Structures are given as C-alpha cells and as structure tokens.
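Protein chains in written order, with the numbering used here: chain X, 308 to 428; chain W, 333 to 912. By construction, the Cβ of each residue, glycine as well, lies at the ideal position given by its N, Cα and C atoms. No experiment lies behind these values; they were computed from the predicted model shown. The next block holds one structure in the form of structure tokens; read it before the comments.
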C-alpha cells in the first residue's frame with residue numbers, strides 16, 4: 308500500500324505541483340489549503356508525512372506543526388516545511404515547533420523526492 | 333497632488349495587481365490541472381488487449397491441413413493394398429492366357445487330325461462316308477475353337493492393357509495428389525507462419541510505438557514542476573500590494589516632520605514594487621519560454637511518434653508492401669485456390685477411372701460369357717470323338733483311323749480339361765476383381781468426401797482469416813497514439829500561454845504607474861523640505877524593518893534593507909533542504 312502524504316499550502320499551484328510530483332513517485336496525496344483545513348484531516352486518518360507551507364491564512368505552518376506534535380494521532384509523523392521563508396530565525400522557529408526539515412521554495416523536484424524518500428521510503 | 337487622486341491611483345495599481353494574481357492563478361492553475369490528466373492519459377491509452385486472432389485462425393487451418401496430410405497417407409496405404417490386389421489379378425490373367433494358348437494349339441492339332449481323317453475316310457469309300465461327315469464337323473468345330481481362342485486372347489490382352497492403365501493412372505493420380513498436397517502444405521505453412529509473424533510484428537510494433545509515447549511525459553513533468561512558480565509570483569505581488577497599502581496610509585494631518593518621514597519612506601516603496609514587478613515579469617517570461625520549449629518538445633516528440641507509426645503501418649499493413657499482411661494473405665488465398673483447383677482436377681481424373689472400372693467390369697463379364705462358348709465347343713468335341721470311335725469300331729476299312737481316333741480322344745480330353753480350368757480361373761478372376769473395383773470406388777468416394785470437407789472448411793477459414801485480418805488492420809490503424817482528450821488538453825495548454833503574454837503587458841503598465849506614484853511622492857517631499865528649509869531628510873529605518881518582516885521572499889527583504897541601509901540575515905538558497 309502506498310504511503311500517504313498530507314500536503315498543506317494555500318497556493319493551489321504548490322498543491323498541484325507537489326501533489327503531481329509525489330503522486331508520480333507512487334505516494335498517495337491528501338491536500339489541505341491551510342492549517343485549519345488540515346487539522347480535521349489529521350484526525351480522520353494517519354499520514355506517513357506532512358508537507359506544509361509556513362505562511363498561510365487561518366492557521367500557519369508553525370502553529371500546525373505545534374498542533375500535530377501535541378496531538379495523540381500523528382504525533383511522531385515527519386513534518387517538512389516547504390516555504391519561501393529562507394532565513395535562519397524562521398527555520399529555528401520551525402525546528403522548535405517540531406518540524407523534521409525545511410525546504411526553501413521554489414523546490415527542486417529531485418531534492419524534494421530524495422528527502423521524502425529518505426524520511427518515509 | 334490631492335489625497336483623493338493619490339488614493340485612487342494606489343487603488344488602481346492594487347486592483348490591477350490583484351487581477352494579475354488572479355490571472356496567473358487561473359493560467360498556472362489550468363496548467364496544473366490539465367497536465368496530470370495528460371500524463372495519466374499517456375499512461376493508459378492505447379493499451380489494447382492483443383487478440384492474436386490471425387494466429388489462432390491460421391493455426392486452425394494448419395491443423396486441418398495436418399489432418400489432410402494424415403488422411404492422404406491413409407488413402408495412399410489403401411491404394412497400395414488395392415493396387416497390389418489388382419496386380420495379383422493381372423498376373424492371374426497370364427495363367428489364363430497359357431490355358432487359352434493350349435486350347436488354341438490343341439484346336440489346331442484337332443484341325444490337322446480332321447484333315448487326316450478326311451483323307452482316310454475318302455479312301456474307305458462307302459464305309460467312310462459317315463466318318464467323312466464327322467471329320468468335316470470336327471474340322472469346323474476345331475476352326476471355331478481356334479477363332480474363339482483368338483477372340484479370348486484379344487479380350488484378355490485388352491483387359492490386361494486396360495488393367496495396367498487403370499492401375500498406373502490411379503497410382504499417378506494419387507502421387508500427383510500427394511505431391512500437390514505436400515507442396516501446398518509446405519507453401520501454406522510458410523505463408524501462414526509469415527502471416528502469424530506479420531500479425532505479431534504488427535501488434536508488437538504498434539505497442540512498442542505506443543509505449544514510446546511516454547517520452548512525451550518528460551516535458552510535461554517539467555512544466556508541472558514550474559507551475560509552483562505561481563506561488564512566488566503571488567507572494568511577490570502581495571509584497572507590492574503591501575507596500576502600496578503603506579502609501580495609502582500617508583496622512584496630510586501629521587506634523588511637517590512626521591509627514592517628511594512618511595514621504596521619505598514612501599518614496600522608496602515604488603522602487604521596491606518596480607523591482608518586484610520586474611522579478612515577476614522575469615519569472616513569467618522565463619516560465620512562458622520554458623513552457624513553450626517544453627510544449628514544443630512534446631509536440632515534436634508527438635509528431636515524431638505519429639510519423640514513426642505512419643511509416644510502420646505503411647510498411648506492415650498497406651497493399652504492395654513486402655512485409656504487408658495483405659500480401660501474405662493474398663499469397664495464402666492464391667495457394668488455396670490453386671490447391672482446390674488442381675485437387676478438383678485430380679479428383680475428376682480419378683472419377684473417370686472409377687467409371688472406367690465400371691466398363692472393365694462389363695469387359696470381364698463379356699469375356700466370361702465368351703468362355704462359356706468354349707463349354708459348348710468342348711461338348712461338341714466330345715460328341716464328334718464318340719461318333720468317330722463308333723465309326724472306327726464299326727468299319728474295318730477305317731482301321732487306319734485308330735491312332736487318329738485315339739489322338740482325337742486325348743485332345744478332346746485335354747481341351748475339355750483346359751476349358752474347365754479356364755472357366756474356373758475366369759470365374760475366380762471375375763469374383764475377385766469385381767469387389768476390388770468396388771473398393772476403388774469406395775476409396776474414391778471416401779477421399780472425395782474428405783477433400784470436399786477440407787475445401788469447404790478451407791474456404792470458410794480463408795474467409796475468416798480475411799475478416800480477422802481486416803479487423804486487425806482497422807484496429808491497428810484506428811488506434812490513436814494520443815487520445816482526443818490528450819490532444820484537446822494539449823491544445824488548450826498552448827492557448828494558456830497566450831494569456832501569460834497579456835499578463836506581462838498588464839505588469840508593464842502597472843510598472844509605469846508606479847513611476848508616476850514615486851514622482852508624486854518626491855514632488856510632495858520637495859515641497860515640504862522647502863517649507864521646512866532643508867535640502868535633505870533622512871529615512872526612518874524602523875518603519876522599513878517592520879515592512880521587511882512582512883516579506884516572505886529574501887531578495888525583496890534584501891532590496892528594501894539595502895534602501896534603508898540596514899542588514900538582513902543571510903538566507904538559505906531556493907530549493908535547499910535542511911533536515912533538523
């Protein structure tokens with residue numbers, strides 16, 4: 308059974324692009340438009356990886372990461388931040404929130420896939 | 333400048349840029365939606381189950397041909413048995429001939445004896461008168477007997493010749509049939525093997541070209557990766573609108589110093605916006621070029637594959653092509669037609685032979701009837717012999733005839749014996765030969781039925797092969813490398829690129845407007861500086877830092893920091909991955 312990844316981004320283009328790249332690699336993709344949209348999805352099913360943007364309306368990626376780490380379900384799921392934010396202080400915030408890694412947009416498809424594969428196979 | 337005019341200009345720029353955001357979302361979103369569909373289409377279309385129907389049908393025919401070969405071998409063995417029986421009967425005619433020859437010689441001797449008896453009878457005067465009549469009768473019987481042996485010999489020779497011809501022609505006809513069948517089998521196997529191979533080549537080749545269609549995926553995937561740039565464009569436009577919102581916050585009600593601070597800060601924002609819009613234009617321009625290149629590459633690949641497929645079909649399907657299915661089928665059809673025609677001719681020849689056999693049966697009956705005449709002649713010999721012995725015993729003048737009479741009796745006995753043997757042999761011959769001809773007739777009927785069944789099946793099978801071949805050709809010719817859905821999506825993607833051009837035009841217009849905004853801000857700042865009596869007014873960096881914090885893209889932060897003469901922290905490069 309293919310691994311399931313939750314892609315959270317308020318940009319339709321990012322959801323389409325990332326979703327396509329990962330689906331082509333054999334992963335199953337569920338999308339959410341922001342943290343608020345992602346939370347119920349995280350409750351209703353288990354994921355092998357969460358790939359989230361940082362700057363999003365309603366609930367941003369940092370808050371979402373904190374929420375996941377505090378929840379019972381998906382508590383230990385790897386979380387990759389995929390964002391245009393590239394400065395160390397933001398990355399530090401992500402790390403402190405419980406993110407597993409940080410990828411700066413625009414992403415390189417091969418690097419993205421290699422990172423996902425490294426984390427969940 | 334009036335505040336209302338400034339506000340209206342800002343609002344106009346923001347609205348235009350928001351329209352640009354919406355339009356890029358629309359264009360990139362459309363591409364992001366259609367390319368996965370196209371890639372999915374690439375992975376699924378054209379995967380038809382290969383039926384290999386021709387292979388199945390040709391195998392059915394080859395199985396029937398195999399049965400024919402076996403039936404032909406059985407027929408050959410039967411023929412060998414029947415021909416051996418026929419040869420044995422022909423050989424028995426030679427023995428019959430020997431008896432007939434003996435009867436002829438004895439008849440000649442009897443004729444000589446009758447001449448001798450006639451001389452003796454004439455010397456005996458009145459006493460030999462009756463004997464003379466008897467010897468004259470004997471002479472006539474002997475002569476008739478000799479003529480009859482000639483007749484029998486002629487009939488026997490005729491039978492011998494006709495039997496020989498019958499056997500030879502039957503054998504020849506069957507050899508021809510076997511030769512024809514073996515040549516037909518060798519040729520039809522080769523042709524059908526090629527037909528089967530042709531079908532396999534056609535299906536495999538078609539599938540190979542279809543499989544190649546996946547190469548079109550690569551440029552499509554590249555486009556999907558680049559679709560993500562819309563996010564950067566959106567965020568960049570957000571930065572510009574954020575800056576312009578700041579411009580709108582400019583108030584006329586503050587103190588002169590505060591207003592100068594504001595204007596100094598605000599004068600920097602159009603430059604930032606222009607910088608960002610330039611970046612957006614470059615990004616869209618690069619994407620436009622990259623999309624175009626990828627689509628052109630995909631189109632070239634598609635055209636190349638279509639051409640390869642056309643060439644392949646021309647080589648393997650079209651009439652006149654050396655590897656063409658139709659050429660092979662025509663050759664197979666020709667072989668069948670020839671085989672059916674020539675076999676039919678051979679069967680007619682054999683049917684004539686069967687009819688000839690019927691005629692032969694009549695000839696045999698006639699010969700047997702002729703032989704029955706011998707029986708009456710034999711009885712006549714016996715009567716004459718008895719009469720002559722009585723005469724010799726009654727008249728002492730005929731004493732010289734005693735030896736002759738004794739010879740006559742011996743010859744009569746011998747002729748009687750030979751006639752009996754000849755009749756016996758002829759009866760046995762007739763008894764044996766009649767069922768043999770029945771067997772030849774039955775064998776012909778059986779073989780005729782087998783061949784007729786084969787011809788019927790063969791014709792039907794050839795027709796089935798033709799139908800299957802036409803279906804295969806239609807199916808292969810009708811198979812699309814790229815589905816209508818794929819090509820429709822592909823065309824619409826081309827159209828989307830045109831929309832990117834109009835976006836670039838909109839951005840260029842807004843860039844010019846931002847220049848006007850800056851000019852207005854600077855003009856007001858100059859007025860205020862004149863009012864204050866200063867020639868220079870320094871920037872308040874805290875306000876700039878606040879806006880920099882609202883930016884998400886490092887290059888924009890850096891640009892604004894450079895304008896405010898403060899530092900921003902070095903950042904990671906785009907695409908860089910950091911695992912904690």
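Inset, instruction - Please work out which residues of its chain come closer than 7 angstroms, Cβ to Cβ, to residue 462 (chain W), disregarding the five sequence neighbours upstream and downstream, and give them in chain order. - result: Your numbering for residue 462 (chain W) matches position 130 in the second chain. If we look at residue 462 (chain W) and ignore the five residues flanking it on each side, its Cβ neighbours are 723.
Legend entry - Euclidean distance between Cα positions of residue 682 (chain W) and residue 437 (chain W): In the second chain, counting from the first residue as 1, residue 682 (chain W) sits at position 350. In the second chain, counting from the first residue as 1, residue 437 (chain W) sits at position 105. Rounded to whole angstroms, residue 682 (chain W) to residue 437 (chain W) spans 41 angstroms at the Cα level.
Inset, instruction - Look at residue 405 (chain X) and residue 425 (chain X) and say whether their C-beta atoms are less than 8 angstroms apart. - result: One-based indexing of the first chain puts residue 405 (chain X) at position 98. One-based indexing of the first chain puts residue 425 (chain X) at position 118. Not in contact: residue 405 (chain X) and residue 425 (chain X) (Cβ atoms no closer than 8 angstroms).
Inset, instruction - Give the DSSP-derived three-state secondary structure of residue 340 (chain X) in the structure shown. - result: By one-based count along the first chain, residue 340 (chain X) stands at place 33. Residue state, collapsed to three classes: coil.
Inset, instruction - Express the C-alpha separation of residue 326 (chain X) and residue 628 (chain W) in angstroms, rounding to a whole number. - result: Taking the second chain and counting its residues from 1, one reaches residue 628 (chain W) at position 296. Taking the first chain and counting its residues from 1, one reaches residue 326 (chain X) at position 19. C-alpha separation (whole angstroms): 25 angstroms.
Legend entry - Straight-line gap, residue 693 (chain W) to residue 716 (chain W) (C-alpha atoms, nearest Å): Here the question's residue 693 (chain W) lines up with position 361 in the second chain. Here the question's residue 716 (chain W) lines up with position 384 in the second chain. Their Cα atoms are separated by approximately 36 angstroms.
Legend entry - Rounded C-alpha distance that separates residue 571 (chain W) from residue 605 (chain W): Translated into positions along the second chain, residue 571 (chain W) becomes position 239. Translated into positions along the second chain, residue 605 (chain W) becomes position 273. Computed Cα separation, rounded: 8 angstroms.
Legend entry - Coarse secondary structure for residue 556 (chain W), derived from DSSP in three states: Taking the second chain and counting its residues from 1, the one referred to as residue 556 (chain W) is at position 224. Residue 556 (chain W): helix per DSSP, three-state reduction.
Legend entry - Spatial neighbours of residue 637 (chain W) in its chain, beta-carbon cut-off 7 angstroms, leaving aside the 5 residues before and after: What you label residue 637 (chain W) is simply residue 305 of the second chain in a count that begins at 1. These residues qualify, in order along the chain: 541, 544, 545, 813.
Inset, instruction - Keeping to the same chain, check which residues put their C-beta closer than 8 angstroms to that of residue 714 (chain W); ignore five residues upstream and five downstream. - result: Here residue 714 (chain W) is taken as the residue at index 382 of the second chain, counted from 1. Within the same chain, residue 714 (chain W) has close Cβ partners 744, 748.
Legend entry - Simplified DSSP assignment, three categories, for residue 900 (chain W): Numbered from 1 along the second chain, position 568 holds the residue referred to as residue 900 (chain W). Reduced to three states, the DSSP call for residue 900 (chain W) is coil.
Inset, instruction - Have a look at W:532, W:799, W:734, W:343 and flag the residue whose alpha-carbon is nearest the alpha-carbon of residue 928 (chain W). - result: The structure shown does not extend to residue 928 (chain W), since chain W spans only 333 to 912, so no value can be given for it.
Legend entry - Span separating the alpha-carbon of residue 839 (chain W) from that of residue 561 (chain W): Taking the first residue of the second chain as 1, we reach residue 839 (chain W) at position 507. Taking the first residue of the second chain as 1, we reach residue 561 (chain W) at position 229. Taking the straight line from one Cα to the other gives about 16 angstroms.
Legend entry - Cβ contact (3+ pairs, closer than 8 angstroms) linking the segment 470-488 of chain W and the segment 427-447 of chain W: yes
Legend entry - Assigned secondary structure, residue 359 (chain X) (DSSP; H/G/I helix, E/B strand, else coil): Numbered from its first residue, the first chain carries residue 359 (chain X) at position 52. Residue 359 (chain X) falls in the strand class under three-state DSSP.
Legend entry - Per-residue DSSP class, three states only, for residue 352 (chain W): Within the second chain, the letter at position 20 stands for residue 352 (chain W). DSSP places residue 352 (chain W) in helix when its eight states are reduced to three.
Inset, instruction - May I have the straight-line CA-CA distance separating residue 830 (chain W) from residue 352 (chain X), to the nearest angstrom? - result: Taking the second chain and counting its residues from 1, the one referred to as residue 830 (chain W) is at position 498. Taking the first chain and counting its residues from 1, the one referred to as residue 352 (chain X) is at position 45. Rounded to the nearest angstrom, the two C-alpha atoms are 42 angstroms apart.
Inset, instruction - Compute the Euclidean distance between the alpha carbons of residue 379 (chain W) and residue 828 (chain W), then round it to the nearest angstrom. - result: Against the second chain, residue 379 (chain W) aligns to sequence position 47. Against the second chain, residue 828 (chain W) aligns to sequence position 496. Note that residue 379 (chain W) scores 48 on pLDDT, short of 50, meaning its location in the model is unreliable; the coordinates nonetheless yield the value given after this. If I take the Cα positions, the gap works out to 30 angstroms.
Inset, instruction - For residue 561 (chain W), return the contacting residues in chain X, with the cut-off set at a CB-CB distance below 7 angstroms. - result: Locating residue 561 (chain W) in the second chain gives position 229, counting from the first residue. 413, listed in chain order.
Inset, instruction - Helix, strand or coil for residue 910 (chain W), going by three-state DSSP, please let me know. - result: Sequence index remark: in the second chain, residue 910 (chain W) carries index 578 (1-based). It is a strand residue.
Inset, instruction - Look at the alpha carbon of residue 489 (chain W) and the alpha carbon of residue 475 (chain W), and state the distance between them as a whole number of angstroms. - result: Along the second chain, read from residue 1 onward, the residue named residue 489 (chain W) stands at position 157. Along the second chain, read from residue 1 onward, the residue named residue 475 (chain W) stands at position 143. Using only the alpha carbons, I get a separation of about 21 angstroms.
Inset, instruction - Look up residue 390 (chain X) in the DSSP assignment and give the residues it is bridged to. - result: Taking the first residue of the first chain as 1, we reach residue 390 (chain X) at position 83. The partner list for residue 390 (chain X) (beta bridge, DSSP) reads X:411.
Inset, instruction - Just grab the DSSP bridge partners of residue 751 (chain W) for me. - result: Mapped onto the second chain, residue 751 (chain W) falls at position 419. Residue 751 (chain W) is not bridged to any residue.
Legend entry - Cβ contact check for the segment 354-365 of chain X and the segment 593-608 of chain W: 3 or more pairs under 8 angstroms: no
Inset, instruction - Give a yes or no on whether 8 angstroms exceeds the smallest Cβ distance from residue 861 (chain W) to chain X. - result: Within the second chain, numbered from 1, the residue matching residue 861 (chain W) stands at position 529. Closer than 8 angstroms: no.
Inset, instruction - Please go through the same chain and pick out, in chain order, the residues whose beta-carbon is closer than 8 angstroms to the beta-carbon of residue 333 (chain W), but skip the five residues on each side of it. - result: For the purposes of this step, residue 333 (chain W) is taken as residue 1 along the second chain, with counting starting at 1. Low confidence applies to residue 333 (chain W): its pLDDT is 48, below 50, so where it sits in the model is not reliable, and the reading given next is rough at best. So the qualifying residues of the chain are 852, 855, 856.
Inset, instruction - Name, please, each residue of chain W whose Cβ falls closer than 9 angstroms to the Cβ of residue 354 (chain X). - result: Here residue 354 (chain X) refers to the residue found at position 47 of the first chain. None at all; the shortest Cβ gap to chain W is about 18 angstroms.
Inset, instruction - Would you check if the distance between the CB atom of residue 361 (chain W) and the CB atom of residue 381 (chain X) is smaller than 8 angstroms? - result: The residue labelled residue 361 (chain W) in the question sits at position 29 within the second chain. The residue labelled residue 381 (chain X) in the question sits at position 74 within the first chain. Not in contact: residue 361 (chain W) and residue 381 (chain X) (Cβ atoms no closer than 8 angstroms).
Legend entry - Proximity test, Cβ basis, 8 angstroms: residue 618 (chain W) and chain X: Residue mapping note: residue 618 (chain W) aligns to position 286 of the second chain, counting from 1. So no, residue 618 (chain W) is outside the interface.
Legend entry - Bridge partner(s) assigned by DSSP for residue 311 (chain X): For this step, residue 311 (chain X) is matched to residue 4 along the first chain. Beta-bridge pairing links residue 311 (chain X) to X:335.
Legend entry - Three-way DSSP call (helix, strand, coil) for residue 617 (chain W) in this model: Working through the second chain from its first residue, we reach residue 617 (chain W) at position 285. Here residue 617 (chain W) sits in helix by DSSP.
Legend entry - Any C-beta of chain W under 8 angstroms from that of residue 328 (chain X): Taking the first residue of the first chain as position 1, residue 328 (chain X) is located at position 21. So, interface residue.
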